[in-house]
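Visitor: My questions will all concern the structure given below.
Number of protein chains: 2
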Amino acid sequence: MRGTLIHAPRDIRFGDRPDPKIVEPTDAVVRIAATCVCGTDLWPYRGANPITEPAPIGHEYVGHVEAVGSEVANLRPGQFVIGSFFASDNTCPICHAGYQTSCPNRQVMTGCQSEYVRVPLADGTLVATPDEPDAAMIPDLLTLSDVMGTGWYAAVAADVKPGMTVAVVGDGAVGLCAVLAARELGAAQVIAMSRHTPRQKLAIEFGAADIVTERGDEGVERVKELTDGLGADAVLECVGTDESMHQAVRSARPGGNVSFVGVPHGVNLPITELFYSHLGLRGGPAPVRAFLPELIDRVWHGTISPGKVFDLTLPLDQVAEGYRAMDERRAIKVLLQP
Amino acid sequence: MRGTLIHAPRDIRFGDRPDPKIVEPTDAVVRIAATCVCGTDLWPYRGANPITEPAPIGHEYVGHVEAVGSEVANLRPGQFVIGSFFASDNTCPICHAGYQTSCPNRQVMTGCQSEYVRVPLADGTLVATPDEPDAAMIPDLLTLSDVMGTGWYAAVAADVKPGMTVAVVGDGAVGLCAVLAARELGAAQVIAMSRHTPRQKLAIEFGAADIVTERGDEGVERVKELTDGLGADAVLECVGTDESMHQAVRSARPGGNVSFVGVPHGVNLPITELFYSHLGLRGGPAPVRAFLPELIDRVWHGTISPGKVFDLTLPLDQVAEGYRAMDERRAIKVLLQP
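Top line first, the protein sequences correspond to chains A and B.
Its first residue numbered 282, the first sequence is counted upward by one per residue in my numbering.
Its first residue numbered 282, the second sequence is counted upward by one per residue in my numbering.
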């Protein structure tokens, strides 16, 4: 098959790779229908993580089951499936509690920017759509593999409830999906912090009532002005930097909630501020698997269209251009078609 | 009147002080029936906070209303009342959300280790008992002013629900009250981390099923052994040091909750560990006021007897000996009688 390797920062190559095979009897092999480039992929692309040897990359995928191992009970070849960026057994107490990305048997998915991918723990990891989806629905379904599930988790982890005021820090695809999630969960007012016109427009389309372009002290002041001087009931931090985390903590009302769903890079949590403001905090790699049935249902019935975050579609063999477009913020999110 | 001043670390003096008076029309003056020494008082006593001049000290109190200002509507002289260590208006949105210790109008209470004390925002701060309590009930009621309310908040902030496994880090009076609170809120199993025999006994009397004497890695392992290898659903951190916070974070199951109710001293939150374990975190100075009606009711009907944390009672003029007994861990908690 053909697939993507990252050789070094800013060195993405597409070429021949070994065909994935069933290794464990609980595996499936999926023929990728669509994959994409994630904000998380930009960390190694920009040199934030060491790359010691050429490595497969990509962790978002939808596609058709090509083959299943002998112990896979709930999937059959030909089904259209969506999986998360962590494989998980979905049978242990941690999975049952809804934290599949903390499953003791979890396995990191990678190499999804390829024509085929091996998915471990297939019964636990993959969820099939009710039927073969229309081509137009594939971008929506693809977001459920990560960004929409992560935005949803951001809202769930900050305990967004009907009537709440919600601020979203970060206008990447996850932040935009978090706006949509907060509205779907009943937020009365969603404030999107964004400086980029196309992203502001999409935030408004996804249900944001207010756009805050300021950052730092001024950004905090603007959020407070928009929330009766108190700060937002829930703040969804969708970046992962120290600056964005402090922005989030300071924008929440006393006793409010802050969620954080971007992998933390150099974040120092202000413990004294957290203590005296009674903030609730929960983060983590989103347990996307927990939300797949519900989110597939919402996409299937046309309730949400998170696929609008894709503003550039390329053939998979142009994956390197996809990374460049994301890195240079020419695209919010790039969909890749094998 | 006579009252307590802290002059310097380990220098507690009892002597003549000005009589508290009504200053604002929303004030009350309370004649103290009982007060006590708090773990928090030991921080300045041990030199952790600078003391620039002799300062009144003590923030826990029950007693009789002596006088009220012209705008106090809900209290009358002679009533037996309990207040929190923060005065709060109890009318703003933050108070209504149950975070009275983040009230924008909050005022820190101090000088309660005295014969009388001025209480600002009396209508918002003080809660009267249904009638004059028996003398035997006064220790129980006194704990509601801080330690029992703080233990209760520890359990509430960690979202303790019926059937949960709960671990409590810290065997001071707050930790012991947290054991009692977790049981009252329906925890199926409470694990108390304690090395001191009298405290272990009280923890068991308050409902702990297991005592863990180990700390560090061994303590974490013991908690996991007692919770099917997963860690506790909720961990209540009742100390405030870096060591105890890390103990708490590592003792919780993935996706569990950690509360922290001791003022943090030198705590560095492990952000990456919090992220990858999906822990929920909430702390803060306990909004004791929120719990007073419910806790007074439980004490009044004999459901709980948190006053058992007092294992030494002294006349108020021996307050300095009370501090010594607490500092040397000869007493769990010292009650002082004017």
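Note that the Cβ used here is the ideal one computed from N, Cα and C, for glycine as well.
Note that the coordinates shown come from a computational prediction; the quantities given were computed from them, not determined experimentally.
For the segment 459-476 of chain A and the segment 426-445 of chain A, state whether three or more C-beta atom pairs, one from each stretch, are separated by less than 8 angstroms.
Guide: The segment 459-476 of chain A vs the segment 426-445 of chain A: in contact.
Visitor: I'd like to know if B:LEU555 contacts chain A, where contact means its C-beta is closer than 8 angstroms to some C-beta of that chain.
Guide: Residue 555 of chain B sits at position 274 when you count from the first residue of the second sequence. Closer than 8 angstroms to some Cβ of chain A, the Cβ of B:LEU555 qualifies, so yes.
Visitor: Go to B:GLN470, then tell me how far its alpha helix (DSSP H) extends in each direction, as first and last residue.
Guide: Numbered from 1 along the second sequence, position 189 holds the residue referred to as residue 470 of chain B. No alpha helix (DSSP H) contains B:GLN470, which is instead part of the beta strand (DSSP E) from 470-474.
Visitor: Using a Cβ-Cβ distance cut-off of 8 angstroms, determine whether A:HIS377 contacts chain B.
Guide: Taking the first residue of the first sequence as 1, we reach residue 377 of chain A at position 96. No, A:HIS377 does not count as interfacial toward chain B.
Visitor: Runs of 3 residues minimum, wholly inside the segment 460-544 of chain B: which ones carry the beta strand (DSSP E) assignment?
Guide: Counting only runs of 3 or more, we get 470-474, 491-493, 513-518, 533-541.
Visitor: Using beta-carbon positions only, say whether A:THR316 and A:CYS393 come within less than 8 angstroms of one another.
Guide: As a position in the first sequence, residue 316 of chain A is number 35, starting the count at 1. As a position in the first sequence, residue 393 of chain A is number 112, starting the count at 1. Contact: yes.
Visitor: Decide if A:ARG294 is buried, meaning its Cβ has at least 16 other Cβ atoms within 10 Å, or exposed.
Guide: Here residue 294 of chain A refers to the residue found at position 13 when the first sequence is read from its first residue. So A:ARG294 ends up on the exposed side.
Visitor: Shorter than 8 angstroms from the beta carbon of A:PRO325 to some beta carbon of chain B?
Guide: Within the first sequence, numbered from 1, the residue matching residue 325 of chain A stands at position 44. No, no contact with chain B.
Visitor: Starting from the Cα of B:VAL544, find the closest Cα among B:ASP509, B:THR584, B:MET607, B:THR321 and give me that residue.
Guide: Walking along the second sequence from the start, residue 544 of chain B turns up at place 263. Selected option, being the one with the closest Cα: B:THR321.
Visitor: Going straight from the alpha carbon of A:PRO551 to that of A:ALA533, what length do you get?
Guide: Translated into positions along the first sequence, residue 551 of chain A becomes position 270. Translated into positions along the first sequence, residue 533 of chain A becomes position 252. Roughly 14 angstroms between the two C-alpha positions.
Visitor: What does DSSP give as the partner residue(s) for A:ALA309 in the beta ladder?
Guide: The count along the first sequence starts at 1 and reaches residue 309 of chain A at position 28. Paired residues: A:VAL349, A:VAL400.
Visitor: With contact counted as at least three CB pairs below 8 angstroms, one residue from each stretch, are the segment 282-297 of chain A and the segment 371-389 of chain A in contact?
Guide: With the cut-off at 8 angstroms, the segment 282-297 of chain A and the segment 371-389 of chain A do not touch.
Visitor: Tell me where the alpha helix (DSSP H) around A:PRO420 begins and ends.
Guide: The residue you call residue 420 of chain A lines up with position 139 of the first sequence. Taken as a continuous stretch (DSSP letters only), the alpha helix (DSSP H) holding A:PRO420 covers 419-424.
Visitor: A:GLN360 to A:VAL450, Cα distance in whole Å?
Guide: By 1-based counting over the first sequence, the position of residue 360 of chain A is 79. By 1-based counting over the first sequence, the position of residue 450 of chain A is 169. Distance between the alpha carbons of A:GLN360 and A:VAL450: 37 angstroms.
Visitor: Taking contact to mean 3 or more Cβ pairs, one atom from each stretch, closer than 8 angstroms, check whether the segment 589-607 of chain B and the segment 600-614 of chain A are in contact.
Guide: Too few Cβ pairs lie closer than 8 angstroms, so no.
Visitor: Hey, could you find the ends of the alpha helix (DSSP H) B:PRO596 is sitting in?
Guide: Your numbering for residue 596 of chain B matches position 315 in the second sequence. B:PRO596 -> not in any alpha helix (DSSP H); beta strand (DSSP E) instead, spanning 593-596.
Visitor: Closer than 8 angstroms, CB to CB, is B:ILE552 near chain A or not?
Guide: Here residue 552 of chain B corresponds to residue number 271 of the second sequence, with the count starting at 1. Yes, B:ILE552 lies at the interface with chain A (some Cβ there is under 8 angstroms from its Cβ).
Visitor: Could you pull the start and end residues of the alpha helix (DSSP H) that B:ALA436 belongs to?
Guide: Stepping through the second sequence from its first residue, residue 436 of chain B is reached at position 155. B:ALA436 -> alpha helix (DSSP H) spans 428-438.
Visitor: Can you pull the chain A neighbours of B:LEU560, defined as C-beta to C-beta under 9 angstroms?
Guide: Working through the second sequence from its first residue, we reach residue 560 of chain B at position 279. Within chain A, the residues near B:LEU560 are LEU562, ARG563, GLY564, GLY565.
Visitor: My output table needs one value for A:ALA601: the three-state DSSP class, helix, strand or coil.
Guide: Within the first sequence, numbered from 1, the residue matching residue 601 of chain A stands at position 320. The answer is helix: DSSP assigns A:ALA601 an H, G or I state.
Visitor: What separation, rounded to the nearest whole angstrom, lies between the Cα atoms of A:ALA329 and B:THR333?
Guide: The residue labelled residue 329 of chain A in the question sits at position 48 within the first sequence. The residue labelled residue 333 of chain B in the question sits at position 52 within the second sequence. Taking the straight line joining both Cα atoms gives about 47 angstroms.
Visitor: Output, in chain order, the set of chain A residues within a Cβ distance shorter than 8 angstroms of B:VAL544.
Guide: In the second sequence, the residue the question calls residue 544 of chain B occupies position 263. By Cβ distance, chain A contributes PHE556.
Visitor: Apply the 10 Å Cβ neighbour rule to A:GLY350 and answer buried if 16 or more other Cβ atoms are within range, or exposed otherwise.
Guide: Numbered from 1 along the first sequence, position 69 holds the residue referred to as residue 350 of chain A. Classification for A:GLY350: buried.
Visitor: Would you say A:VAL318 faces chain B, with C-beta separation under 8 angstroms as the test?
Guide: In the first sequence, counting from the first residue as 1, residue 318 of chain A sits at position 37. Output row for A:VAL318: interface = no.
Visitor: Give a single yes or no on whether B:HIS527 has its beta carbon closer than 7 angstroms to a heavy atom of the ligand NAD.
Guide: Of ligands this structure carries none, so the ligand NAD is not represented either.
Visitor: Could you pull out every unbroken beta strand (DSSP E) segment of at least 3 residues lying fully inside the segment 354-418 of chain A, listed in chain order?
Guide: Runs found: 361-363, 397-400.
Visitor: Within its chain, find whatever has a CB closer than 6 angstroms to the CB of B:CYS458; leave out the 5 residues flanking it on each side and keep chain order.
Guide: Position 177 of the second sequence holds residue 458 of chain B. Excluding residues within five positions, the ones whose Cβ falls inside 6 angstroms are VAL428, MET429, GLY432, PRO587.
Visitor: For B:SER475, go through chain A and note every residue whose CB falls closer than 7 angstroms to its CB, in chain order.
Guide: Numbered from 1 along the second sequence, position 194 holds the residue referred to as residue 475 of chain B. Going along chain A, no residue has its Cβ under 7 angstroms from B:SER475, so there is no contact; the nearest lies around 24 angstroms.
Visitor: What does a CB cutoff of less than 7 angstroms around A:GLU554 pick up in its chain, not counting 5 residues either side in sequence?
Guide: Here residue 554 of chain A is taken as the residue at index 273 of the first sequence, counted from 1. VAL530.
Visitor: Report all residues from its chain with a CB closer than 8 angstroms to the CB of B:ASP452; omit the five preceding and five following residues, and keep chain order.
Guide: Position 171 of the second sequence, counted from the first residue, corresponds to residue 452 of chain B. Hits under 8 angstroms: ALA473, MET474, SER475, ARG476, HIS477, ARG480, GLN481, ALA484.
Visitor: Please report whether the beta-carbon of A:LEU573 lies at a distance below 8 angstroms from any beta-carbon of chain B.
Guide: Here residue 573 of chain A corresponds to residue number 292 of the first sequence, with the count starting at 1. So, not an interface residue.
Visitor: For the beta strand (DSSP E) that B:ALA448 lies in, which residues bound it at each end?
Guide: For the purposes of this step, residue 448 of chain B is identified with residue 167 of the second sequence, where counting begins at 1. From DSSP, the beta strand (DSSP E) with B:ALA448 extends over 446-450.
Visitor: Do the CB positions of B:VAL353 and B:ALA403 come within less than 8 angstroms of each other?
Guide: Translated into positions along the second sequence, residue 353 of chain B becomes position 72. Translated into positions along the second sequence, residue 403 of chain B becomes position 122. Contact: yes.
Visitor: Let me confirm a value: B:VAL518 is counted as buried when at least 16 other C-beta atoms fall within 10 Å, else exposed. Which label applies?
Guide: For this step, residue 518 of chain B is matched to residue 237 along the second sequence. The residue asked about is misnamed: residue 518 of chain B is Glu in this sequence, not Val. Buried, because 16 or more other Cβ atoms sit within 10 Å of the Cβ of B:GLU518.
Visitor: Roughly how many angstroms lie between the CA atoms of A:ALA409 and A:ARG357, to the nearest whole one?
Guide: Looking up residue 409 of chain A in the first sequence gives position 128. Looking up residue 357 of chain A in the first sequence gives position 76. Taking the straight line from one Cα to the other gives about 10 angstroms.
Visitor: If you compare alpha carbons, which of B:GLU499, B:PRO411, B:HIS340 is closest to B:ARG399?
Guide: Along the second sequence, one-based indexing puts residue 399 of chain B at 118. The option with the nearest alpha carbon to B:ARG399 is B:HIS340.
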